[in-house]
Amino acid sequence: MAGVRLIVIYIFIILNILYTNYTSVPIEFLVPHNFVTRVGMTLYKPNLVLHISKEYGKAKFGGMGTLITALANAQSIAASTLKISVLIPFYSFLKTRYTDISLECHVNVNISYTTISVPIWRIKDGDVVLFLAGQGNKFPFNISYYASNENEIYGDPEKQIYLTNDWKDLFFVKTAIEFAKVLGKQYNLIINAHGSTNALVGLIKYYMWVPFVYTVHDCTFEFDYSLEIQDLRIFFKDLINPRIWFLSQFKPSVFGLSHANTITTVSTDTQRRLLDDAVNSFTFNIRHMIKKIANSLEKVVVIPNCLEVRYPIKPFEFFKILHIRKSIREYLVHISVMPKESLRNEVWMLFVGRISKEKGADHFFGLIKRIAQHNELNDIKIFFIIMGQQFHDIDIEKLKSQIELHYAHSLLILDKSIQDDYGSSIRAACDLSIVGSVTEAFGLVALEALYFGHVIISTMAGGKQLTKDLEITETNSSRDGLTGVSPFFSLYPIPRNQIVGSIHTKYLL
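Per the working numbering, the sequence shown starts with residue 314, numbered consecutively.
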């Protein structure tokens with residue numbers, strides 16, 4: 314009898330699951346209370362913008378840090394009535410990078426049933442005020458931002474013994490919220506959170522009304538990033554809705570998009586992927602999930618409009634650029650930055666950036682074969698230079714050994730001082746640039762490569778998509794084999810039929 318009753322209960326549960334209309338359940342993970350009363354927008358005159366980021370200025374790991382630094386400085390010049398400020402973690406290596414540091418205040422961060430005191434430091438970086446969120450005064454938060462250099466900003470998850478990356482993110486978010494409360498008593502704030510790891514800063518709206526801007530930098534990583542509900546309960550126990558305790562994961566990006574007053578992106582490609590009905594990278598339909606975007610498309614703003622497509626067709630003479638490259642190569646060999654055997658190679662190929670799978674490290678090995686096929690060459694001598702920062706999803710020693718099997722000569726440059734001192738010279742010495750990212754939003758590396766006149770091998774991701782329709786233009790200097798500045802080439806699924814142009818016609822991809 315008990316068995317029959319149990320079967321009936323199971324059948325009832327299954328039918329309940331099958332016929333329940335889950336789409337009508339609002340996407341909320343917080344307790345259902347209203348935001349703090351909003352003041353009239355006509356009366357609210359903002360006078361301080363606070364950017365929340367993990368990177369800025371002398372703490373840049375990649376393109377995001379460069380973009381935020383440029384954005385904040387541009388805003389400080391253009392906005393006469395607004396003060397521009399940035400809040401980042403006080404990484405340990407910054408103690409030697411900045412000298413004129415003063416204490417701004419202390420904030421109390423409540424985590425579970427513990428109160429942690431966190432110092433906030435202040436630096437004047439040109440016209441931008443840089444705030445540094447310090448370590449906590451209790452273990453393990455007193456080691457939260459240890460990093461010996463920029464490459465360790467995000468850390469290796471496998472080495473996080475005492476403090477995981479998720480806890481670091483949540484600790485910084487909670488600190489940012491408490492600091493915003495302090496600033497909100499002195500200024501009319503606009504808070505701009507960059508990336509999904511900082512999206513939960515929007516929780517400030519449950520304590521005080523403030524315009525919240527969420528900037529999407531990477532349409533793939535940001536929507537893959539998730540936090541454990543159990544961790545959220547520790548850091549935000551007063552805001553967690555008991556109804557969702559049975560869930561395990563929460564995506565901060567969805568919270569940022571649904572709670573932001575304004576959503577900004579760094580490329581029109583990211584904007585398109587947010588708003589299109591067919592978004593292959595997502596496992597959900599973002600139009601239906603986030604109603605405020607669907608109902609108010611103009612709220613999605615692109616900053617800036619990415620790569621400028623009106624390039625000068627001939628920025629330099631063909632033979633002049635070859636002569637300069639040859640001289641720079643000889644100089645780099647002379648000062649022992651490059652090995653002597655590198656001069657035997659007719660093509661120098663460069664990868665710059667974070668050495669990870671999402672940045673195209675998986676494509677490194679097949680490139681030489683594709684280049685040879687497209688140039689109808691049986692043998693092509695390529696010197697492959699990889700310059701950037703190691704990421705935890707790549708075994709760097711294994712990568713190095715595999716590259717040595719495919720390329721006659723190669724060089725891996727992880728030393729930050731070499732990149733800082735000779736990065737421009739190395740770029741100027743190369744013929745090709747690899748921009749293999751599948752999630753690139755702004756296209757900064759491609760922009761640099763264009764500046765140095767490189768042929769670009771690209772996945773056509775992000776901002777680089779804007780250049781795909783450029784037409785090949787014949788000019789008087791076509792006798793030199795010039796038909797444009799740089800071609801863009803799709804690694805998958807098939808090569809592009811129409812190539813924009815090349816500095817070296819024989820190296821067309």
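Glycine included, C-beta positions come from ideal geometry on N, C-alpha and C.
In this text, all values refer to a predicted model and were calculated from it rather than measured experimentally.
- Message: Determine whether the beta carbon atoms of Ile547 and Ile739 lie at a separation below 8 Å.
- Response: Against a cut-off of 8 Å, the Cβ pair of Ile739 and Ile547 comes out as no contact.
- Task: Please state if the CB of Ile648 and the CB of Ile699 are separated by a distance shorter than 8 Å.
- Result: Not closer than 8 Å, so no.
- Query: Which residue from Leu496, Arg410 and Glu643 puts its Cα closest to that of His364?
  - Reply: Checking every option, the nearest Cα to that of His364 belongs to Leu496.
- Message: On the DSSP letters alone, give me the boundaries of the beta strand (DSSP E) that Thr412 sits inside.
- Response: Here Thr412 belongs to no beta strand (DSSP E), and DSSP marks it neither H nor E.
- Message: One question on the structure: do Val422 and Thr477 come within less than 8 Å of each other, judged by their Cβ atoms?
- Response: no
- Task: Compute the distance between the beta-carbons of Met377 and Gly508, then report whether it is under 8 Å.
- Result: yes
- Message: In whole angstroms, give me the CA-to-CA distance for Gly439 and Ile401.
- Response: Distance from the CA of Gly439 to the CA of Ile401, rounded to the nearest whole angstrom, comes to 16 Å.
- Item | Euclidean distance between Cα positions of Ser366 and Ala387 | 16 Å
- Query: Under a three-way DSSP split, which group does Ala372 fall into?
  - Reply: The three-state secondary structure of Ala372, taken from DSSP, is strand.
- Specify, as a first and last residue, the run of the alpha helix (DSSP H) that Gly701 falls within. Careful: Gly701 lies outside any alpha helix (DSSP H), inside the beta strand (DSSP E) at Ile695 to Gln703.
- Item | beta strand (DSSP E) segment containing Ser430, residue limits | Thr427 to Asp438
- Message: Going by C-alpha to C-alpha distance, which of Leu513, Ser750, Glu717 and Ala674 sits closest to Phe534?
- Response: Ser750
- May I ask you to report which of helix, strand or coil DSSP gives Asn455? helix
- Message: Quick check: what's the CA-CA separation for Ile436 versus Arg410?
- Response: Between the alpha carbons of Ile436 and Arg410 lies a gap of roughly 11 Å.
- Task: Starting from Thr488, trace the alpha helix (DSSP H) both ways and give me its first and last residue.
- Result: For Thr488, the uninterrupted alpha helix (DSSP H) run begins and ends at Asn478 to Gly497, by DSSP.
- Taking the alpha-carbon positions, what's the Thr382 to Tyr404 distance? 17 Å
- Query: With contact counted as at least three CB pairs below 8 Å, one residue from each stretch, are the stretch 444-458 and the stretch 427-436 in contact?
  - Reply: yes
- Message: Restricting to Cα atoms, I'd like to know which of Ala721, Lys672, Ser730 and Asp733 is closest to Ser746.
- Response: Lys672
- Query: Near Leu663, which residues of its chain fall below 6 Å by C-beta distance, leaving aside the five closest residues on each side in sequence?
  - Reply: Ile698, Cys743 and Ser746
- Item | Supposed contact pair Asp479 and Leu540 - C-beta distance, whole angstroms, cut 8 Å | 6 Å
- Looking only at C-alpha atoms, which of Ser714, Val748, Gly701 and Ile716 sits nearest to Ile726? The closest CA to that of Ile726, considering only Ser714, Val748, Gly701 and Ile716, is found on Gly701.
- Closest by C-alpha distance to Glu463, when choosing among Leu407, Glu491 and His419: Leu407
- C-alpha gap between Met521 and Gln732, whole angstroms: 44 Å
- Message: How far does the beta strand (DSSP E) with Phe525 in it extend, from its first residue to its last?
- Response: Phe525 to Val529
- Query: Closest to Thr578 by CA distance: which of Ala372, Leu361, Asn360 and Leu384 is it?
  - Reply: Leu384
- Task: Give the straight-line distance between the Cα atoms of Tyr459 and Gly447, rounded to the nearest whole angstrom.
- Result: Inter-residue distance for Tyr459 and Gly447 is about 10 Å (C-alpha atoms, whole angstroms).
- N-terminal and C-terminal residue of the beta strand (DSSP E) that Ala506 is part of: Residues Leu502 to His507.
- Message: On the CB-based measure, 16 or more other CB atoms within 10 Å of its CB, does Lys481 come out buried or exposed?
- Response: Answer is buried; the Cβ neighbour count reaches 16.
- Mind checking which residues open and close the alpha helix (DSSP H) that includes Val758? Leu757 to Tyr764
- Collapsed DSSP secondary structure at Ile466 in the structure displayed: Coil.
- Query: With which residues is Val441 paired in a DSSP beta bridge?
  - Reply: Ile397 and Asp438
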